[in-house]
Amino acid sequence: MTAARSGPAFSVHDIPFSTHGSWFGLSPVVAEKTYAEDLHLVSHQNGMHAVLRLVPRDPATGDRAETRVETTPGLLRWAHPGGRIGCAYESPDTVRLRGEGLGLRITAAEEALTPFTGTYFHHDPVAGAYVFTSYETGRRYRVTLLSGSVAEVSGGQALGSGDRGLTITADADGVWEAAAEELDSARRPYAPSQTFDGVVGAAERAFAAFAEAVAPWRSPGTPAAELAAYVLWSATVRPASLVTRPAVLMSKHWMDKVWSWDHCFNALALGPGGPALAWDQFSLPFDHQDESGALPDSVTHSEVLYNFVKPPIHGWALGHLRRRLPHPLGRMELTETYGRLARWTEFWLTSRRAPGAALPHYLHGNDSGWDNATTFDPERVIVSADLAAFLVLQLRELAVLATELGLLHEARRWTRTAEATQAAMLDELWTGERFVARGIDTSKTWSTSSLLDLMPMVLGEHLPEDVSAVLASRIEAHLTPHGLATELPDSPHYLPDGYWRGPIWAPATVLIEDGLRRGGHDRLADEISARFRALCETHGFAENFDALTGTGLRDRAYTWTAACYLLLAEAHELRQTSPASVAHTGV
């Protein structure tokens, strides 16, 4: 059995073991905030579903063996004083397993089988393999023995409730090997193409090439860069069903979707080293743009949701992405992107502006991406300055695109609308000391202790200097030892695990850091970047973090957090080596 492998080590309790392109991973996380005792094969086709339970066994007694799970990008290993089991991805839909001194029990995760739910189990006489058929994923899971023996089979062809599975083992001092595949209806019998060690080596090389592409700048000063790259690499799935392109899911835990603002940060991180994958990330939600021009709230394997939208940060993101891509977009791509971005912008100007209104509105906190921020406590259908600021940047980016495409009349129209929108934002929502939100139905205005009220800082160089200075000062008040709290910690509404009512979030950090830097507030931008980077290096890549302790919260393997770390770490490294090149370019 191969000894310790290369690559960053990580806890499988925090980050699933998976590979680029795969729709499944190995993890003890079997549902939202639900951890099983054993590792499971968890698929994300048709949702998140734990399909198979994997239990190391003492071959002498048949009892469950207490093991230590060790994980690197190329190899997951169950370690025990009496033996070990290794697992590695041979391809996105196939893992190889190899054991010595330990057996492995593979069973259906759920015992109940009904006409519509559960997992059916049988022996396939054509392939000479054992097959689990899952109602939940709509897929089959085939286990083929390559060496060793099957010591126990239970529940073959059984209906109703019961234990279904097999135990793989070997003679004393022997080695067993097997392959497990996720497939559709059928395929040729499995035949190995290389040794187990060859599979591990190939997986390690694939990840190493990815890490080198997306983070060639990494150094001892950015110690979490490789692990951040793994989070992105391992959460990427192949096109399937409603996922029209290779997609970086937010996680291969329960947040297994692409949301229509999360994808922008993943695209930016991938831009220089993985331009094709980056462009796919930016474009995927636009593949599902509806007739009104709206983007979906989210896209996943078998579901596209339109009940909410996400904020129009796409102009901001596109401008940065184009500067980060190693080669300029062709005219065809520019034309298509211009049309898509224009329709998305018109949605906000038509479907989300009340008659006679100069500013657009949200219908719910979910539309802002800051679902339960205190800005939405008084009312939900509101005009807010963050939305106006994002839209101004998107209008400005449309003017740039239109100019490049020779559409000068349209460029002037977008510029006029951007200027009018920004003027209305300052006239209607700026008090001289802060931005307020306004209810659509009541016309009441209010301010809160939410960082969302300060998000117009994203306008950077476009803000009047006095407004920029006030916002920067107020932003600094949100800065804890770990980063930007989304609600002031001394607010009566602050909650340590309150989602957008206190915890630190990666996208808010990057958007504000970028706006501060473009607005000339480099010292504060540097401090925000340094604290967030240290947070990730200490506490990983959680969905969000306790602002006062730094503890990772909710989903612990979140790709936009990893992407934002990579963006900030790269910019920091470049500032050390060539300050002029990144002096005021933000991300």
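Under the numbering used here, think of the first position of the sequence shown as 334, with each following residue one higher.
We treat Cβ as the ideally placed atom computed from N, Cα and C, and that holds for glycine.
Taking the C-beta atoms as reference points, His-377 is found nearer than 8 Å to His-634.
Annotated three-state conformation of Glu-798 is helix, per DSSP. When secondary structure is reduced to three states using DSSP, Pro-389 falls in the strand class.
Nearest C-alpha to Val-591 among Gly-606, Asp-859, Ser-616: Ser-616. When rounded, the separation of the alpha-carbon atoms in Leu-738 and Trp-677 is 18 Å. Arg-431 is the residue among Tyr-422, Arg-431, Asp-396, Pro-392 whose C-alpha sits nearest the C-alpha of Trp-411. For Trp-592, the three-state secondary structure derived from DSSP is strand.
Per DSSP, the beta bridge partners of Asn-877 are Leu-886.
Straight-line spacing of the CA atoms in Leu-601 and His-905 works out to 15 Å. The C-beta distance from His-697 to Val-716 rounds to 14 Å, too long to meet the 8 Å contact threshold. In this structure, DSSP gives Arg-856 a helical state, which the three-state scheme calls helix. Residue environment for Met-665: exposed (fewer than 16 other C-beta atoms within 10 angstroms of its C-beta). The alpha-carbon separation between Arg-401 and Leu-821 amounts to approximately 41 Å. Distance from the Cα of Thr-447 is smallest, within the candidate group Arg-472, Ser-806, Gly-495, for Gly-495. Taking a C-beta distance under 8 Å as the contact criterion, Leu-565 and Val-581 qualify as a contact pair. Asp-620 sits in a helix when the DSSP states are folded into three classes. Distance from the CA of Leu-610 to the CA of Asp-774, rounded to the nearest whole angstrom, comes to 43 Å. When C-beta atoms of the segment 502–510 are compared with those of the segment 439–456, fewer than three pairs fall below 8 Å, so the two segments do not count as touching.
Close CB contacts of Phe-874 within its chain, under the 6 Å cut and outside five residues either way in sequence, are with Val-564, Tyr-891, Thr-894, Ala-895 (chain order). When the five nearest sequence neighbours on each side are left out, the beta carbons in the same chain lying within less than 6 Å of the beta carbon of Ser-351 are those of Gly-358, Ser-567, Lys-585, in order along the chain. In this structure the segment 810–824 does not lie against the segment 728–736, because fewer than three pairs of beta carbons, one per stretch, are closer than 8 Å. Close CB contacts of Glu-537 within its chain, under the 7 Å cut and outside five residues either way in sequence, are with Arg-338, Ser-339, Gly-340, Pro-406, Gly-407 (chain order). Ranked by how close their Cα comes to the Cα of Ile-845, the residues Glu-809, Cys-869, Thr-871, Ser-824 have Glu-809 in first place. Per the DSSP secondary-structure output, His-413 pairs in a beta bridge with Gly-416. In this structure, Leu-387 keeps its C-beta atom at 8 Å or more from the C-beta atom of Leu-435. If you draw a straight line from the Cα of Phe-619 to the Cα of Arg-673, it comes to about 7 Å. When the five nearest sequence neighbours on each side are left out, the beta carbons in the same chain lying within less than 6 Å of the beta carbon of Gly-652 are those of Glu-730, in order along the chain. Its Cα nearest to that of Leu-792, the residue Ala-805 stands out among Ser-780, His-456, Thr-781, Ala-805. Between Trp-594 and Pro-644, the beta carbon gap of about 6 Å places them in contact (Cβ cut-off 8 Å).
Minimum Cα-Cα distance from Val-428 among the listed residues Val-375, Ala-558, His-456 corresponds to Val-375. In terms of Cβ geometry, Trp-763 and Leu-724 do not form a close pair [threshold 8 Å].
Under DSSP, His-373 shares a beta bridge with Ser-360, Arg-386. By the C-beta density criterion, Pro-840 is buried, having at least 16 other C-beta atoms within 10 angstroms.
Cβ contact annotation for Ala-858 (same chain, cutoff 7 Å, sequence separation greater than five): Glu-846, Leu-849, Arg-850, in chain order. Distance from the CA atom of Leu-667 to the CA atom of Asp-623, rounded to whole angstroms, is 20 Å. The continuous beta strand (DSSP E) containing Thr-405 extends over residues 401–405.
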